[in-house]
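First the structure, in the form of structure tokens, and then the observations on it.
In the numbering used here, the protein residues as written are -10 to 342.
Shown next, in the form of structure tokens:
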């Protein structure tokens, strides 16, 4: 009859020698399969807890069998690839056609259709925007005889917006977000109506120039505008492309196509930094971002090709409608109320959740 020591401490059939090693340091695993598995987990897994467990060094096991030492982790719900592809197709078409990142469409569609939380939807959209905006910018640059991208303007915009986004992210705690969102909503609505007015009656939005006639003073002013756009984006969460295109068209006289192509180039560095930051915090669904990008890239190709072939009047009208939609989405909404009981037998208080 097998003794208790021979059966092991945690049940019959388990050798006692096995747990003599597991209670100390973890047994050394130096095979290339284990090393490759750890490296891939640390790279691809969106969950920071699981990435932290995939390390190469020795680890102390607590008392108990190895199977009982694994913590229970609530994994994010896996999304439907068809839904992600549909989101990517819609956002990619809008990105290429209007010269924006597409986050205004990706985030609400992920929340409504994929039931993703707001932070995870924002991080996933930033990761998917990178290939979509890159392909769209390339089409704007090489799609016609003359490039529809002003690289110098994009460079100075990035200089200002990078600093502004950093400052806006830190100032978001001190500035009342609701008041600023109301201001941004009014600005977007006014600019959108101005674009539609120029489309119907003719105006400055249709009289842009493709010639590079900007001097050093204009580039410095563009840097200041990029700083302001970065601050607004950092505080309100509104994508920079929504502000960049009307600023270049109405403020500096660029034609609508050139402004849209320049906007796609300018948002690439900001989207890259945001995607990396969200990924390190576990707010990026890699599989969903991949499916969105797979469907969004060809859609962005179609959208950019349409933007290069449509008349400027039609393009400006579409962007004006998009600004009206962005204004509606930016308007602050009241958070749902929750009942909170301060103590046993005491009254219930109503607080914002």
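Think of the CB as a built atom: it goes at the ideal place given N, C-alpha and C, for glycine as much as any other residue.
Computed from a prediction, not measured in an experiment: that's the story for all the values here.
Rounded straight-line distance, which links the Cα of residue j to that of residue i
{"i": "residue 120", "j": "residue 184", "result": "29 Å"}
{"i": "residue 303", "j": "residue 155", "result": "35 Å"}
{"i": "residue 280", "j": "residue 68", "result": "10 Å"}
{"i": "residue 245", "j": "residue 152", "result": "26 Å"}
{"i": "residue 322", "j": "residue 165", "result": "14 Å"}
{"i": "residue 316", "j": "residue 217", "result": "18 Å"}
{"i": "residue 293", "j": "residue 80", "result": "12 Å"}
{"i": "residue 98", "j": "residue 257", "result": "22 Å"}
{"i": "residue 133", "j": "residue 84", "result": "18 Å"}
{"i": "residue 168", "j": "residue 319", "result": "11 Å"}
{"i": "residue 284", "j": "residue 190", "result": "37 Å"}
{"i": "residue 227", "j": "residue 96", "result": "11 Å"}
{"i": "residue 93", "j": "residue 278", "result": "15 Å"}
{"i": "residue 275", "j": "residue 205", "result": "42 Å"}
{"i": "residue 221", "j": "residue 175", "result": "13 Å"}
{"i": "residue 211", "j": "residue 203", "result": "10 Å"}
{"i": "residue 287", "j": "residue 125", "result": "9 Å"}
{"i": "residue 144", "j": "residue 135", "result": "19 Å"}
{"i": "residue 282", "j": "residue 114", "result": "9 Å"}
{"i": "residue 72", "j": "residue 299", "result": "29 Å"}
{"i": "residue 74", "j": "residue 100", "result": "15 Å"}
{"i": "residue 157", "j": "residue 311", "result": "24 Å"}
{"i": "residue 265", "j": "residue 159", "result": "18 Å"}
Closer than 6 Å: residue i CB and nearest the ligand HEM heavy atom
{"i": "residue 296", "result": "No copy of the ligand HEM appears in this structure; indeed no ligand is present at all."}
Local conformation of residue i per DSSP, three classes
{"i": "residue 293", "result": "helix"}
{"i": "residue 165", "result": "coil"}
{"i": "residue 53", "result": "Note that residue 53 has pLDDT 46, beneath the 50 cutoff, so the model's placement of it is unreliable and the number below is only indicative. Note: residue 53 maps to coil in three-state DSSP."}
{"i": "residue 342", "result": "Any reading at residue 342 must be qualified, since the residue scores a pLDDT of 47, below 50, and its modelled position is unreliable; the value itself is stated next. Residue 342: coil per DSSP, three-state reduction."}
{"i": "residue 68", "result": "coil"}
{"i": "residue 103", "result": "coil"}
{"i": "residue 89", "result": "coil"}
{"i": "residue 270", "result": "coil"}
{"i": "residue 276", "result": "helix"}
{"i": "residue 134", "result": "coil"}
{"i": "residue 301", "result": "helix"}
{"i": "residue 319", "result": "helix"}
{"i": "residue 48", "result": "Caution is warranted here: a pLDDT of 47 is assigned to residue 48, below 50, making its placement in the model unreliable, and no coordinate value can be reported."}
{"i": "residue 227", "result": "coil"}
{"i": "residue 203", "result": "coil"}
{"i": "residue 73", "result": "helix"}
{"i": "residue 191", "result": "coil"}
Among the options, nearest to residue i - alpha-carbon criterion
{"i": "residue 289", "options": "78, 71, 246", "result": "78"}
{"i": "residue 232", "options": "252, 189, 291, 204", "result": "252"}
{"i": "residue 254", "options": "94, 76, 128, 95", "result": "128"}
{"i": "residue 109", "options": "130, 273, 176", "result": "273"}
{"i": "residue 66", "options": "95, 167, 102, 76", "result": "102"}
{"i": "residue 305", "options": "287, 135, 239, 92", "result": "239"}
{"i": "residue 313", "options": "177, 227, 74", "result": "177"}
{"i": "residue 146", "options": "308, 215, 107", "result": "215"}
{"i": "residue 170", "options": "125, 223, 100", "result": "223"}
{"i": "residue 88", "options": "300, 205, 114, 235", "result": "235"}
{"i": "residue 269", "options": "100, 116, 71", "result": "116"}
{"i": "residue 105", "options": "126, 135, 76", "result": "76"}
{"i": "residue 187", "options": "70, 301, 71", "result": "301"}
{"i": "residue 250", "options": "213, 282, 70, 131", "result": "131"}
Expected contact under 8 Å - CB spacing of residue i and residue j to nearest Å
{"i": "residue 112", "j": "residue 207", "result": "Actually they do not touch by this definition, with Cβ atoms about 35 Å apart."}
{"i": "residue 229", "j": "residue 242", "result": "Contact flag wrong, Cβ pair sits at about 20 Å."}
{"i": "residue 142", "j": "residue 209", "result": "Contact doesn't hold; Cβ gap of about 12 Å is too wide."}
{"i": "residue 262", "j": "residue 225", "result": "Contact flag wrong, Cβ pair sits at about 18 Å."}
{"i": "residue 118", "j": "residue 149", "result": "That pair is no contact at about 20 Å."}
{"i": "residue 296", "j": "residue 86", "result": "5 Å"}
{"i": "residue 181", "j": "residue 271", "result": "In fact, because the Cβ distance is near 36 Å, the residues do not count as touching under 8 Å."}
{"i": "residue 137", "j": "residue 247", "result": "5 Å"}
{"i": "residue 82", "j": "residue 291", "result": "6 Å"}
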